[in-house]
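Q:
Chains as they are written, first to last, in the numbering used here: chain A, 8 to 303; chain B, 24 to 361.
#1: By the DSSP assignment, the alpha helix (DSSP H) with residue 142/A in it spans what residues?
#2: Under the three-state reduction of DSSP, which class applies to residue 93/A: helix, strand or coil?
#3: For residue 220/B, decide whether its Cβ has a neighbour in chain A, counting only Cβ atoms nearer than 9 Å.
#4: Using a Cβ-Cβ cutoff of less than 7 Å, which residues in the same chain neighbour residue 26/B once the five nearest sequence positions on both sides are dropped?
#5: So, is the C-beta of residue 122/A closer than 9 Å to a C-beta in chain B?
#6: Bridge partners of residue 18/A, per DSSP?
#7: Quick one: which chain B residues come within Cβ less than 8 Å of residue 142/A?
#8: Entirely within the stretch 52 to 114 of chain A and at least 4 residues each: give me those alpha helix (DSSP H) ranges in chain order.
#9: Scan the stretch 225 to 298 of chain A and note each continuous alpha helix (DSSP H) run of 4 residues or more that stays entirely inside, going in chain order.
#10: I'd like to know whether the C-beta atoms of residue 126/A and residue 186/A end up nearer to each other than 9 Å.
#11: Does the CB of residue 254/A have a neighbour CB from chain B at under 9 Å?
#12: Interface residues of chain A around residue 156/B at Cβ under 8 Å?
#13: In chain order, what residues of the same chain lie with their CB nearer than 7 Å to the CB of residue 102/A, ignoring the 5 residues before and after it?
#14: Between the C-alpha atoms of residue 167/A and residue 160/A, what's the straight-line distance to the nearest angstrom?
#15: Closest to residue 178/A by CA distance: which of 144/B, 39/B, 331/B, 227/B is it?
#16: Throw me the rounded Cβ distance for the residue 155/A and residue 204/A pair, which I believe falls under 8 Å.
#17: To be precise: take each residue of the stretch 65 to 90 of chain B, compare its Cβ to all Cβ atoms of chain A, and keep it if any distance is under 8 Å. Which residues remain?
#18: Can you find a C-beta in chain A that's less than 9 Å from the C-beta of residue 94/B?
#19: Under 8 Å between beta-carbons, which chain B residues line up against residue 152/A? List them in chain order, please.
#20: Restricting to runs no shorter than 3 residues, where is the beta strand (DSSP E) found entirely within the stretch 126 to 193 of chain B?
#21: Which residues in chain B sit within 7 Å of residue 179/A, going by Cβ to Cβ distance?
#22: Tell me, please, whether the CB atom of residue 217/B is closer than 9 Å to any CB atom in chain A?
#23: Please identify the residue among 105/A, 112/A, 64/A, 129/A whose C-alpha is closest to the C-alpha of residue 140/B.
#24: Does DSSP put residue 186/A in a helix, in a strand, or in coil?
#25: I believe residue 99/B touches residue 224/B by the beta-carbon criterion, under 8 Å. Please report the beta-carbon distance rounded to the nearest angstrom.
#26: Whole angstroms is fine: what's the gap from residue 344/B's alpha carbon to residue 334/B's?
#27: In the structure shown, what three-state DSSP assignment does residue 286/B receive?
#28: Rounded to the nearest angstrom, how far is the Cβ of residue 7/A from that of residue 113/A, given a contact under 8 Å?
#29: Would you be able to state if there are at least three C-beta pairs under 8 Å between the stretch 201 to 219 of chain B and the stretch 73 to 87 of chain B?
#30: With contact counted as at least three CB pairs below 8 Å, one residue from each stretch, are the stretch 121 to 141 of chain A and the stretch 66 to 76 of chain B in contact?
#31: Report all residues from its chain with a CB closer than 6 Å to the CB of residue 139/A; omit the five preceding and five following residues, and keep chain order.
#32: Identify the contact partners of residue 32/B in chain A, using a Cβ-Cβ distance below 8 Å as the criterion.
#33: Might you give, ordered along the chain, the residues of its own chain that have their beta carbon closer than 7 Å to the beta carbon of residue 340/B, omitting 5 neighbours on each side?
#34: Going straight from the alpha carbon of residue 158/A to that of residue 149/A, what length do you get?
#35: Under 6 Å Cβ to Cβ from residue 305/B, same chain only, skipping five residues before and after it: list those, please.
#36: Below 8 Å on the Cβ atoms is my guess for residue 262/B versus residue 173/A; work out the distance and round it to an integer in Å.
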């Protein structure tokens, strides 16, 4: 029996490329102006899972919780070589902090399992919290190893990894089921395979099929769903109806952390001395710093 | 609710000594506890640490909760989180602070999940204030302040409805200072019961070196950003640093681009520094970066873009290309300090 590995992936606004029109005049962020991307460390986690598939023949699934549009990164998972993908989406999940997110994810993992190993990126670039991995492990009552930089081997229900620690590393052996979070240096995500792109570019979620049916009166949602499923192109979609969750613990309602205030960072033109980038200008600067006892 | 005015700091032990971040958190925790008319407690988990535990009183602790057992000598997620879960659940402190370190960021989320507490990562400031949220009054909440969304906003996070408020804080962000009159030493030992689950993850080998680069103690830092353009150009910064007796730092973008090692990263997700002189070269000045350097005594900014935000926090601004300005700077220094 092959091991079953699940990768937690997230679609994030590309915070590394924020330009002027992304910030609204009131200082809030216009998310629609930001391109949505595959969270980089999650992609590395996916790469490690696919390496386990190459080396040990494990079965790899990927799951994301997010708006319907997050199906984009699930298709990317399929292009890279994942066997199965799941979308967890519901308006009631919106506005979730890390605790509410891990609550829903752990419920989905229990429902879709059993899994032997769950992999995730250490953190997502939109929040940088690194909390969803450990909190999901806790909700599952599983052990965790965070900051994994290398998977050394998988053997008899045990996995040996190397993780980063302050000014060094440690090697650990964990008994599965186990959750690992992975840092960027752990691997380089493989490119999409052309053959798989052709095969899966039409993979669709429930809401995408519903949109198709709404546009064309000749198509019926039940028949579409059955047909796409038969062809391996249906992206399993889970909502609150499919999961054993208390609504009060999901989304904004289930999130203990609340945003009390947001301040946009608009810098007042601070007073400073302008120094000419010339030999004379820099000479004067050096003299000033000598006077201030910083140099010399 | 019992003990609602307790502030706890998880004390991080590395190779049998207390990590600096823990003293920094004790100093901040002392202020928060005073504001709440409460007590500051240091939670220490490990083995043979009784003597070490006494040091926390110098930084303001009123009491140490000590969990000492041979199985706890090295940090391991499951036994440590079992201990913290049990303690937090039992005593329900009002606030628990962790360093945003490899250990703190592994442990804190697990404890927050178990106790269903709110947790905010990488805070750059913590304050106590009465808050009105959704028309309800909440007295003396912990304001957890952190840059968010690529550093374009500063968010104040609160956890109004949970008994315990948790936060992690990066090393170097809070200032550490000993208290004038330390409290009388009071160490409460808490028993530890080993459990088979503790062995689900076993450490086979551990390597930890002394820090090779210590930006925090460098009097002068020459830091480069993405605007340096290449690893090759970063050599100029090394030359300048060597000439004027400083260390080289980098912004997150420069680290991500591979221009400079991660150990040299200054900013919210790197090191926070307060040198005598900070020279920011080709750094635009996103708030995450500024959070890590704006308390420097003097700041020089060198950037080709006259509108770069870094010019808003500097004392001396030079608009120009680093590859031209730096060699002239080195030359000027050598001429003046012959």
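Virtual Cβ for every residue (Gly too), placed ideally from N, Cα, C.
A: The answer reads as follows:
#1: Within the first chain, residue 142/A is the residue found at index 135, counting from 1. 139 to 147 is the span of the alpha helix (DSSP H), which, as asked, contains residue 142/A.
#2: In the first chain, residue 93/A corresponds to position 86, counting from 1. It is a strand residue.
#3: Translated into positions along the second chain, residue 220/B becomes position 197. At a cut-off of 9 Å, the C-beta of residue 220/B has a neighbouring C-beta in chain A.
#4: Taking the second chain and counting its residues from 1, one reaches residue 26/B at position 3. With a pLDDT of only 48 at residue 26/B, under 50, the local geometry of the prediction cannot be trusted, and no value is derived from it.
#5: Translated into the one-based positions of the first chain, residue 122/A becomes position 115. So, not an interface residue.
#6: Taking the first chain and counting its residues from 1, the one referred to as residue 18/A is at position 11. DSSP lists 45/A as partners of residue 18/A.
#7: Within the first chain, numbered from 1, the residue matching residue 142/A stands at position 135. Result: 132, 133, 135, 136.
#8: Secondary structure in the stretch 52 to 114 of chain A: the alpha helix (DSSP H) runs of 4 residues or longer, each lying completely within the stretch, are 78 to 87 in chain order.
#9: Whole alpha helix (DSSP H) segments, 4+ residues: 228 to 237, 286 to 298.
#10: Within the first chain, the letter at position 119 stands for residue 126/A. Within the first chain, the letter at position 179 stands for residue 186/A. Going by C-beta atoms, residue 126/A is nearer than 9 Å to residue 186/A.
#11: In the first chain, the residue the question calls residue 254/A occupies position 247. By this cut-off, residue 254/A is not an interface position.
#12: The residue given as residue 156/B occupies position 133 in the second chain. Ordered by position in chain A, the residues that pass the 8 Å Cβ test against residue 156/B are 265, 267.
#13: Here residue 102/A is taken as the residue at index 95 of the first chain, counted from 1. The answer, listed in chain order, is 258, 259, 262.
#14: Counting from one through the first chain, the residue named residue 167/A turns up at place 160. Counting from one through the first chain, the residue named residue 160/A turns up at place 153. Rounded to the nearest whole angstrom, the C-alpha separation of residue 167/A and residue 160/A is 5 Å.
#15: Along the first chain, read from residue 1 onward, the residue named residue 178/A stands at position 171. Checking every option, the nearest Cα to that of residue 178/A belongs to 227/B.
#16: The sequence position of residue 155/A within the first chain is 148, counting from 1. The sequence position of residue 204/A within the first chain is 197, counting from 1. Not quite, the Cβ-Cβ distance comes to about 29 Å (not below 8 Å), so this is no contact.
#17: Per Cβ criterion, the list is empty.
#18: Numbered from its first residue, the second chain carries residue 94/B at position 71. Not an interface residue.
#19: In the first chain, the residue the question calls residue 152/A occupies position 145. What residue 152/A touches in chain B: 100, 224.
#20: As far as the stretch 126 to 193 of chain B is concerned, its whole beta strand (DSSP E) runs of at least 3 residues are 141 to 146, 148 to 156, 159 to 171, 176 to 181, 188 to 192.
#21: The residue given as residue 179/A occupies position 172 in the first chain. Near residue 179/A (Cβ distances below 7 Å), the residues of chain B are 224, 225, 226, 227.
#22: Reading the second chain from its first residue, position 194 is the one you call residue 217/B. It does not: the Cβ of residue 217/B has no partner Cβ on chain A nearer than 9 Å.
#23: Within the second chain, the letter at position 117 stands for residue 140/B. With distances taken between Cα atoms, residue 140/B lies closest to 105/A.
#24: As a position in the first chain, residue 186/A is number 179, starting the count at 1. In the structure shown, residue 186/A sits in a strand (DSSP, three-state: E or B).
#25: Locating residue 99/B in the second chain gives position 76, where the first residue counts as 1. Locating residue 224/B in the second chain gives position 201, where the first residue counts as 1. So it is a contact: roughly 6 Å between Cβ atoms.
#26: Mapped onto the second chain, residue 344/B falls at position 321. Mapped onto the second chain, residue 334/B falls at position 311. Residue 344/B and residue 334/B: Cα-Cα distance of roughly 15 Å.
#27: Start at 1 with the first residue of the second chain, and residue 286/B comes out as number 263. Helix at residue 286/B.
#28: In the structure displayed, chain A extends from 8 to 303; residue 7/A sits before or after that span and is not available.
#29: Touching, yes.
#30: Counting Cβ pairs under 8 Å, fewer than three are found: no touch.
#31: Locating residue 139/A in the first chain gives position 132, counting from the first residue. Hits under 6 Å: 105, 108, 109.
#32: As a working mapping, residue 32/B is identified with position 9 in the second chain. Contact note: residue 32/B does not reach chain A at a C-beta cutoff of 8 Å; the least C-beta distance is about 18 Å.
#33: To locate residue 340/B, count along the second chain from 1; it is residue 317. Excluding the 5 residues flanking it on each side, residue 340/B has same chain C-beta neighbours closer than 7 Å at 324, 334, in chain order.
#34: Sequence index remark: in the first chain, residue 158/A carries index 151 (1-based). Sequence index remark: in the first chain, residue 149/A carries index 142 (1-based). Residue 158/A and residue 149/A: Cα-Cα distance of roughly 18 Å.
#35: Position 282 of the second chain, counting from 1, holds the residue named residue 305/B. Hits under 6 Å: 247, 248, 250, 251, 345.
#36: Within the second chain, the letter at position 239 stands for residue 262/B. Within the first chain, the letter at position 166 stands for residue 173/A. 30 Å between Cβ atoms; not a contact.
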